[in-house]
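Going letter by letter, the sequence shown gives residues -33 to -1, 1 to 125 in mature numbering (1 follows the signal peptide of the UniProt record, and there is no 0).
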Amino acid sequence: MNDSTDMARRTFVGLGGAGVAAAALALSGCAPAGGNGTGGGDAGQPSAPAPGGSASATPPASGTEIAKLSAVAVGDSISVTVAGATLLVAQPTAGDVVAFSAVCSHQQCIVAPAKTEFHCPCHGSRFDAATGDVLNGPALSPLTPVPVTVDGDSIKAG
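Below is the structure:
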């Protein structure tokens, strides 16, 4: 091969490798946010919320019933949507109820309850259901707490 053919081949292979890497990054969901709004990065562009969820972070008004206490078993958690906001409610110990916005702090996907944890289906972040703290990234910040009170068998925004 002559030098110009060898150089062109190396350039093509080099660019092809970069193209494959960029495509793999885009397909992984962690490329910078772009046209479809589902990319990763922390550019402030929310990902599409999970089906049936809302990316609203506005908590319901104080005194609004969120759920029945009997709906949240001790050591378990549930997801509820109240006044357009999707919330995660957990009862780590008997009578101790906590709630958090279900909006992931990484890319604003809707996080799902998973017993003593909350899991983000978009990029795999995991949060502690008792505290909202990050157990596994890519999220770096905890879930936003929502004040709640227990009034008989009602869990209310507080």
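Just so it is clear, CB atoms sit at the ideal spot from N, CA and C, and this is done for glycine as well. Keep in mind the model is a prediction, meaning the values are calculated, not measured.
- The residue among Thr25, Pro88, Ser29, Lys82 with its C-alpha nearest the C-alpha of His73 is Pro88.
- Arg93 has its alpha-carbon roughly 9 Å from the corresponding atom of Pro105.
- Beta-carbon to beta-carbon, Gly99 and Pro109 are separated by about 4 Å, close enough to satisfy the 8 Å threshold.
- Under the DSSP assignment, His86 falls in the beta strand (DSSP E) whose first and last residues are 84 to 86.
- For Asp100, DSSP records no beta bridge to any residue.
- The beta carbon of Val65 sits closer than 6 Å to those of Ala57, all from its chain and outside the five residues before and after it, given in chain order.
- Comparing C-alpha distances from Pro26 to each of Asp118, Cys76, Gly42, Phe67 shows the shortest one belongs to Phe67.
- Taking a contact as a CB-CB distance under 8 Å, the pair Ser44 and Thr53 does not count as one, their CB atoms being some 13 Å apart.
- Annotation: the continuous beta strand (DSSP E) that includes Gln58 extends over 52 to 60.
- Straight-line measurement puts the Cα of Ala97 at about 17 Å from the Cα of Ala124.
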